[in-house]
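First residue of the sequence shown: 1, per UniProt numbering; consecutive thereafter. For glycine and all other residues, C-beta sits at the position ideal for the given N, C-alpha and C. Below is one structure, written out as structure tokens; the observations come after it.
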Amino acid sequence: MGQALWRLPPRQQQQLQEELADQLTESGGVRRDQDLNTFSIFPSVFRGCGGVVGKEQHGFIDLEMLPPELGITILSYLNATDLCLAGCVWQDLGNDEYLWQGLCKSTWGHCSIYNKRLPAGFSYRRLYLQLDEGSLTFNANPQEGISYFMSKGILVDHPKELAKFIFYTRRLNWKMLRIYLDERRDVLDELVTLHNFSNQFLPNALREFFRHIHAPEERGEYLETLITKFSHRFCACNPGLVRDLGLSPDAVYVLCYSLILLSIDLTSPHVKNKMSKREFIRNTRRAAHNVSEDFVGHLYDNIYLIGHVAA
Numbered sequence: 001m002g003q004a005l006w007r008l009p010p011r012q013q014q015q016l017q018e019e020l021a022d023q024l025t026e027s028g029g030v031r032r033d034q035d036l037n038t039f040s041i042f043p044s045v046f047r048g049c050g051g052v053v054g055k056e057q058h059g060f061i062d063l064e065m066l067p068p069e070l071g072i073t074i075l076s077y078l079n080a081t082d083l084c085l086a087g088c089v090w091q092d093l094g095n096d097e098y099l100w101q102g103l104c105k106s107t108w109g110h111c112s113i114y115n116k117r118l119p120a121g122f123s124y125r126r127l128y129l130q131l132d133e134g135s136l137t138f139n140a141n142p143q144e145g146i147s148y149f150m151s152k153g154i155l156v157d158h159p160k161e162l163a164k165f166i167f168y169t170r171r172l173n174w175k176m177l178r179i180y181l182d183e184r185r186d187v188l189d190e191l192v193t194l195h196n197f198s199n200q201f202l203p204n205a206l207r208e209f210f211r212h213i214h215a216p217e218e219r220g221e222y223l224e225t226l227i228t229k230f231s232h233r234f235c236a237c238n239p240g241l242v243r244d245l246g247l248s249p250d251a252v253y254v255l256c257y258s259l260i261l262l263s264i265d266l267t268s269p270h271v272k273n274k275m276s277k278r279e280f281i282r283n284t285r286r287a288a289h290n291v292s293e294d295f296v297g298h299l300y301d302n303i304y305l306i307g308h309v310a311a
């Protein structure tokens, strides 16, 4: 757990473990050759919260002495199993419902159950384990994962609720998410409306869009659907830009496809003769006549400097 918590380099981990073993050997608490991983699990070694190492020798920081926000941030890097082990060491934290509530909402930002009146004896620790179990199930089979959340009363079967859950969750596998959204276009529609592209440069907005809704690996009907929905949402969020530059959803659609093709051209090692800025401007303006040459040139510069829009 300690290695997962602090993310130390291997050499520094080994040095810290050796120092810890020497300290405990000198105090007569543990044999020198004992497995050091048990130090981070059993409270008998730590003597409660911090114990020999945490308070007297200052080998580890006692999380209960930290501000709650920092403690939640640190613990958010652990999975459900490690959190249960952490609850054995820091027992006050393990029984702190406010801590588990913070961990739930920092990892799964929106669940229908958050807005319900919770029954007496409700446990956020149990909810955390259910959310973790449901996420693992989703990453193996999306439909079964969503069914699990509904069976536990965590989610309501409504496209808007499902879209919010997906938008604010960090634990869902993007490949399985892509499969699920391809099947549930009603959820996809609601998910698109959660994006706010106001005052964003087109390539940057497209990158943000594809970070939440990953593009398919091949061109086809699903990619066309995604770009169409993005184009309408981008124009709805930027009416002033649409007016000043003469953009329309159809023009943004063309520009998005041009940006994707340019991204592939500039980043692929298999393309020997890269497209020049002049070629990109000429080819793009043939399809989008109302777009200015300067604007298209800025699009090229963005891809050239920052990289792929759908990576």
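8 Å contact criterion, which residue i and residue j should meet: CB distance rounded
i       : j       : result
Ser-135 : Ser-106 : The pair is not a contact, with the Cβ atoms about 14 Å apart (cut-off 8 Å).
Leu-118 : Ile-72  : Actually they are not in contact, since the Cβ atoms of Leu-118 and Ile-72 sit about 20 Å apart, beyond 8 Å.
Ile-166 : Leu-155 : Their Cβ separation, rounded to whole angstroms, is 10 Å, which puts Ile-166 and Leu-155 out of contact at 8 Å.
Ile-303 : Leu-262 : 5 Å
Glu-97  : Tyr-124 : 5 Å
Tyr-180 : Pro-142 : 4 Å
Leu-194 : Lys-164 : 7 Å
Alpha-carbon to alpha-carbon, residue j and residue i
i       : j       : result
Ala-215 : His-308 : 12 Å
Tyr-222 : Leu-78  : 35 Å
Leu-266 : Tyr-257 : 14 Å
Leu-8   : Ala-310 : With a pLDDT of 45 at Leu-8, under the threshold of 50, the modelled position of that residue is not reliable, and the figure given next carries that caveat. Distance between the alpha carbons of Leu-8 and Ala-310: 32 Å.
Glu-279 : Arg-243 : 27 Å
Val-291 : Leu-247 : 7 Å
Lys-152 : Asn-139 : 18 Å
Ser-112 : Phe-149 : 10 Å
Cys-235 : Leu-202 : 10 Å
Lys-160 : His-270 : 42 Å
Arg-184 : Met-65  : 46 Å
Gln-101 : Val-254 : 45 Å
Leu-226 : Asp-301 : 24 Å
Ala-205 : Phe-197 : 6 Å
Asp-275 : Ser-268 : In the sequence as displayed, the identity of residue 275 is Met instead of Asp. Taking the straight line from one Cα to the other gives about 12 Å.
His-232 : Val-187 : 17 Å
Leu-305 : Ala-120 : 55 Å
Gly-297 : Leu-259 : 11 Å
Asp-294 : Asp-82  : 53 Å
Gly-220 : Glu-133 : 33 Å
Pro-249 : Gln-130 : 42 Å
Glu-190 : Asn-199 : 21 Å
Glu-224 : Glu-217 : 12 Å
Counterpart residues of residue i in DSSP-defined beta bridges
i       : result
Trp-100 : Partner(s): none; Trp-100 has no beta bridge.
Thr-169 : Trp-108
Residue i - DSSP class collapsed to helix/strand/coil
i       : result
His-195 : coil
Arg-125 : helix
Ser-76  : coil
Arg-178 : helix
Pro-203 : helix
Ile-213 : coil
Asn-115 : helix
Arg-184 : coil
Asn-95  : coil
His-308 : coil
Ala-120 : coil
Leu-223 : helix
Glu-218 : coil
Leu-136 : helix
Go through the segment 139-164 residue by residue and report every complete run of the alpha helix (DSSP H) that reaches 4 residues or more, in order.
-> 142-151
Pick out the complete alpha helix (DSSP H) segments inside the segment 240-299, 4 residues or longer, and give them in chain order.
-> 249-267, 277-287
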